[in-house]
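So the sequence lines, in the order shown, correspond to chains A and B. Quick note, the first sequence lines up with residues 109 to 283 if you use my numbering. Quick note, the second sequence lines up with residues 1316 to 1417 if you use my numbering. Backbone N, C-alpha and C define an ideal beta-carbon position, used for all residues, glycine too.
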Amino acid sequence: MEKFEFLSNIIKTRRTIRYFSDQEISKDLLIKIMDVTRWIPTGSNLQDLRFIIVYNKKILRLIKMFSPGWIGDGNSVTIVICSDLKWALERGGLYAAKEMYLIHVGIAFQTIALLAHSLGLGTNPIVSFSKEAVKTILKLPENLEPVMIVLIGYPKVVPEPTPRLPLDKIISWVE
Amino acid sequence: MNVRNIEIILEFLAFLSSSAQGLFGEPLEYGPLRCVDAIRRFIDLIFKLDVPLDEKFIQELKELRSWIDKDMHLLMYDREKFREFVNNLTKTLAEIALRYLT
C-alpha cells in the first residue's frame, strides 16, 4: 500500500510545465532518467524508440521555431522521441510500424514525466511540431520518425490541475 | 546583414507555417488558439524589432500580451471560457482601433 500511495501521489501531482526556471539541467540527471526509461515495455520487446537529447541552444531555438505547441519559456532540454520505423517494420511487422510505435512513445513519455517529477523536474510533451522541419534541423536519417518532443527542466510556474472526468464516466463493468 | 532581425522574422514565419501544417490534423479549437498565439508573438516581434510607436500604444500592446499569456491556456480547462476570451480580445482590439483610427 505504501508503494501505491507513493506512486499515486507522483502521478496525481505531475503537471505539464510550460514555464521553466533558468536553472541548468545536469546530464547526470537525464542519464538517470533515461537509464530507467529503457526498461519500459514494448510490444514484442521491439525497443524501437530512439531518444535524441538536445542541449545545443541554437538547435533548441530552431526546433522551437517550428513547434507551435511549444508555448512558454525558460531553460529546458529537449528529448525528441523517435521511432526507428525500419527497425519496427523488420522486427514487428506492419502493425508495429503503423500503430504500435505510437503506444511505445506514450509509455516512454509517461515514464520520463513521472521520473522527472520525482526528481523535482517538470516536463511538457509536444506533438504540435513540424516533423519535416525537425527532421531537417536534426539531420535525421529516413528511418527515424520524430513523434514527440519532451521539454524537461526545473518548473518556474506549476499550473493548477486540468479537470478530469469522473470514474463512472470512463469505466464500465462487465460482470 | 542584421542576423538578429532575420532570426526574429523567420521565427514568426516558421510559427505561422508550421501551425498551418499542423492544423490540418489538430482539434478545431487549436485554430483559434494558434491565431491568438500569433497575436502574442506578433507583439513580441514588434518589441524585438524596436518599431517606433506611441508610448501609450506600446503600453496597450504590453497589456494585451499579458492578457493573452494568461488566458490562452483556458482552452485546456474550459472551452467555453476560452471562446469568451477570444470574443473579448477581438472586442478590445476593435475598441483600440476605434480610438486610434477615428
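*Mind pulling the chain B residues with CB within less than 7 Å of residue 221 of chain A?*
Correct list: empty, because the minimum Cβ distance to chain B is about 16 Å.
_First and last residue of the uninterrupted alpha helix (DSSP H) at residue 200 of chain A_ = 193-203
*Cα-Cα separation between residue 1387 of chain B and residue 151 of chain A, rounded to whole angstroms*: 38 Å
*Should residue 119 of chain A be labelled buried (16 or more other beta-carbon atoms within 10 Å of its own) or exposed?*
Flag for residue 119 of chain A reads exposed.
*asked:* Relative to the C-alpha of residue 1322 of chain B, which candidate in B/1411, B/1412, B/1396 and B/1364 has its C-alpha closest?
replied: B/1364
*Do the segment 1318-1336 of chain B and the segment 236-244 of chain A make contact, defined as three or more Cβ pairs closer than 8 Å?*
By the Cβ test, the segment 1318-1336 of chain B is in contact with the segment 236-244 of chain A, since at least three Cβ pairs between them sit closer than 8 Å.
*In angstroms, rounded to a whole number, what distance separates the CA positions of residue 1390 of chain B and residue 1352 of chain B?*
12 Å
*Along the chain, where does the alpha helix (DSSP H) that runs through residue 1377 of chain B open and close?*
1370-1386 is the span of the alpha helix (DSSP H), which, as asked, contains residue 1377 of chain B.
*State the Cα-Cα distance for the pair residue 176 of chain A and residue 141 of chain A, rounded to the nearest angstrom.*
Distance between the alpha carbons of residue 176 of chain A and residue 141 of chain A is about 26 Å.
*Nearest CA to the CA of residue 1375 of chain B: which residue from B/1407, B/1342 and B/1401?*
With respect to the C-alpha of residue 1375 of chain B, the residue from B/1407, B/1342 and B/1401 having the closest C-alpha is B/1407.
*Selection from A/253, A/207, A/206 and A/231 that minimises the alpha carbon distance to residue 217 of chain A*: A/231
*Closer than 8 Å, Cβ to Cβ, to anything on chain A: give me those residues from the segment 1351-1380 of chain B, in chain order.*
1352
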